[in-house]
Amino acid sequence: MGDIDFQAMEFAYEKHADQNAGASPRHQVVVVGAGPVGLTTALDLARQGVRVVVLDDDYRLSTGSRAICFSKRTLEIWDRLGVGQRMIDKGVSWNVGKVFFREQEVWRFDLLPEPGHRRPAFINLQQYYAEGYLYEQARQEPNIDLRWKNKVAGVVQAEHGVDLTIDTPEGPYTLHADWLVACDGARSPVRKLIGQESHGRIFRDRFLIADVKMKADFPTERWFWFDPPFHPNQSVLLHRQPDNVWRIDFQLGWNADPAEAVKPENVLPRIRALLGPDAQFDLEWVSVYTFACERMDKFRHGRVVFAGDSAHRVSPFGARGANSGVQDAENLAWKLKLVLTGLAPETLIDSYSAEREYAADENILNSSRATDFITPKSDVSRSFRNAVLNLAKTHPFARSLVNSGRLSLPATYAGSPLNTPDEDAFSGRMVPGAVALDAPVTHQGGNDWWMAQLDGGFVLALFCGDAQPGPDTLAALQALRMAPVPVKAVLVAGAQCDVSSLPAGVPVVTDVEGCLAKRYDAQAGTAYLIRPDQHIAARWRAFNADAIATAVKRATGHV
1 MGDIDFQAME FAYEKHADQN AGASPRHQVV VVGAGPVGLT TALDLARQGV RVVVLDDDYR
61 LSTGSRAICF SKRTLEIWDR LGVGQRMIDK GVSWNVGKVF FREQEVWRFD LLPEPGHRRP
121 AFINLQQYYA EGYLYEQARQ EPNIDLRWKN KVAGVVQAEH GVDLTIDTPE GPYTLHADWL
181 VACDGARSPV RKLIGQESHG RIFRDRFLIA DVKMKADFPT ERWFWFDPPF HPNQSVLLHR
241 QPDNVWRIDF QLGWNADPAE AVKPENVLPR IRALLGPDAQ FDLEWVSVYT FACERMDKFR
301 HGRVVFAGDS AHRVSPFGAR GANSGVQDAE NLAWKLKLVL TGLAPETLID SYSAEREYAA
361 DENILNSSRA TDFITPKSDV SRSFRNAVLN LAKTHPFARS LVNSGRLSLP ATYAGSPLNT
421 PDEDAFSGRM VPGAVALDAP VTHQGGNDWW MAQLDGGFVL ALFCGDAQPG PDTLAALQAL
481 RMAPVPVKAV LVAGAQCDVS SLPAGVPVVT DVEGCLAKRY DAQAGTAYLI RPDQHIAARW
541 RAFNADAIAT AVKRATGHV
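Shown next, in the form of structure tokens:
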């Protein structure tokens, strides 16, 4: 069975009962935009039992490869939503990047140098495949109502929600949303309709994207050239995608004419200069882009919440755009679920805004620094960059200054009000606010992964080493599961612990290699409270049911 041609798919407009005369439709959540961020948001909510309407003004998925680099963190989120493995199976996995200056390689880096992770640092996958797999998963969800050719034409804040006017081929209709999530892209019509703007910096440079179909024996790595002989005084990026497609980015400079640059007679000589005069290839897609680093001042406006490019935009260096948007979705979905079910106050959504604005600032800072390094705008900046690149080949200190795009990493919400600060001494990266790290474990007698246990609710990981917890602790763990906001307790047993004698129904994994305990700096009795979006909420050296209950209240906005 061949791949589905997602770029050729067209979705028919269908009239909905909400459009009938006299209908007064009310919906809990309306998502605007059926791209990767909108579909991820809808899937996450739907899997938690929330009914979602997704509106898109188009009738197709994205054209051209667009975003192609999806990070380990994004894959872990998609694993939880049932689509991660499909992305991996189709995508091109990679961990290694190389940086070249003129004719020489000056630095090689490995983004995932240690074993014991289920997912690679990145996969390359054309955006239309990612959207297609998300769409097919969404189509199987009874809680998702996906409506094509439905354009939001009016947004009015109302009591306890938002009133929307929707344009369709059969005329307009209105509906009410308790919450509106705008995932409608960098030009966001919803943002304009409520009178908001993004602020930031426009970079005065242009790049040419060329997607080339060819058979090549290049390794599956990210190659970045500064001032190469085949494209002097500019930069070039080469990535492999599925289907023997290679992404090539050529820096053009601000004065390049976009209309002229995309003409085959101007594109083909650039590609042949890189690949050689006898290279056989087909040009699949070509585009010229400029870029900006900007964001809205606030991501929440009443009952309207912005996610993805509608909220923030970065330059493409570092694969921060789509990945940060998917992380917006995972941060927001569980909070909306708790608010809608009355288990958290509405102010919990303010923590989405605070945490993801912080993440956007971090991405914008890294993206701006990368762009300034790649495209220096003065002779002094260029001289500094070239000196760094010359030194990087033989001096490790200079490599930390090389910036061909600091690649996407999840933000640590170190200052979040949802965190319970440490009272005990710990080392390592698993501080409150950090995203959980994966590790190999065994579960129900077979090999498994730690992240698979973090399935969309609060989880308490209790490390018990080679001894089992006593009956009082087990009873307290059971009580946590029955709390208003339930917490699933997972016992992390040592390799010598006899898990067969534990009571039936107690989730337990065995840390056979000790990797999980090492990454979490865990001893017997250590406990971690992990949020539904797989970020650490709190940790303790000794189990304390009262402290855990208080931490759950804090993590759900009650403290």
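If you're matching positions, the sequence shown starts at 1 in UniProt numbering and goes up one per residue.
Just so you know, even glycine gets a beta-carbon here, dropped at the ideal spot from N, CA and C.
Exercise for the section: Could you check how far apart the C-beta atoms of R102 and P228 are, in whole angstroms? I think they sit under 8 Å. Expected result: 6 Å
Handout entry: Contact under 8 Å by Cβ, V92 with T220
Key = yes
Problem - Assigned exposure category for S400 - 16 Cβ within 10 Å defines buried - result: exposed
Exercise for the section: State the DSSP-derived secondary structure class of W254, mapped to helix, strand or coil. Expected result: coil
Handout entry: Residues that T174 bridges to, as DSSP identifies them
Key = T165
Handout entry: F373, enclosing alpha helix (DSSP H) - first and last residue
Key = L348 to I374
Problem - Per DSSP, cross-strand counterpart(s) of H395 - result: DSSP, once it has assigned bridges, lists no residue as partnering H395.
Exercise for the section: Going by CA-CA distance only, name the one from G470, M482, R240 and P484 that's closest to F543. Expected result: G470
Exercise for the section: Counting only the same chain and skipping the five closest in sequence on each side, list residues whose C-beta sits under 6 Å from that of S368. Expected result: C293
Exercise for the section: With DSSP collapsed to three states, give me the class of F463. Expected result: strand
Practice task
Assess, as a yes-or-no matter, whether the region 426-438 is touched by the region 402-414 under the definition of 3 or more beta carbon pairs within less than 8 Å.
Solution key: yes
Practice task
Using alpha carbons as the reference points, say which of G38, A216, N95 and A210 lies closest to A132.
Solution key: For the record, residue 132 in the displayed sequence is Gly; it is not Ala. That would be G38, whose Cα lies nearest to the Cα of G132.
Practice task
Please check the pair G371 and F317, which I expect to be a contact at CB under 8 Å, by giving their CB distance rounded to whole angstroms.
Solution key: The question names Gly, yet the displayed sequence has Thr at residue 371. Yes, T371 and F317 are in contact; Cβ-Cβ is about 6 Å, under 8 Å.
Exercise for the section: Could you spell out where the beta strand (DSSP E) holding K213 opens and where it closes? Expected result: S198 to K213
Exercise for the section: Could you tell me whether the Cβ atoms of A17 and V31 are closer together than 8 Å? Expected result: no
Problem - Exposure of D44, with buried meaning 16 or more beta-carbon neighbours within 10 Å - result: buried
Problem - Inter-stretch contact (C-beta, 8 Å, three-pair minimum) for the region 54-73 and the region 116-125 - result: yes
Problem - Extent of the continuous alpha helix (DSSP H) to which G321 belongs - result: G321 to L340
Practice task
Helix, strand or coil for D379, going by three-state DSSP, please let me know.
Solution key: helix
Problem - Euclidean distance between Cα positions of G457 and Q234 - result: 48 Å
Exercise for the section: Give a yes or no on whether the C-beta atoms belonging to E76 and R47 are separated by under 8 Å. Expected result: no
Problem - Residues bridged to D498 [DSSP beta-bridge criterion] - result: Paired residue(s): none; D498 is not in a bridge.
Problem - Proximity to G505 [Cα-Cα], best of L516, M87, G446 and V490 - result: V490
Handout entry: Minimum C-alpha distance to K215 - residue among S501, P242 and P232
Key = P242
Practice task
With DSSP collapsed to three states, give me the class of S416.
Solution key: coil
Exercise for the section: Let me know the secondary structure DSSP gives D110 once reduced to three states. Expected result: strand
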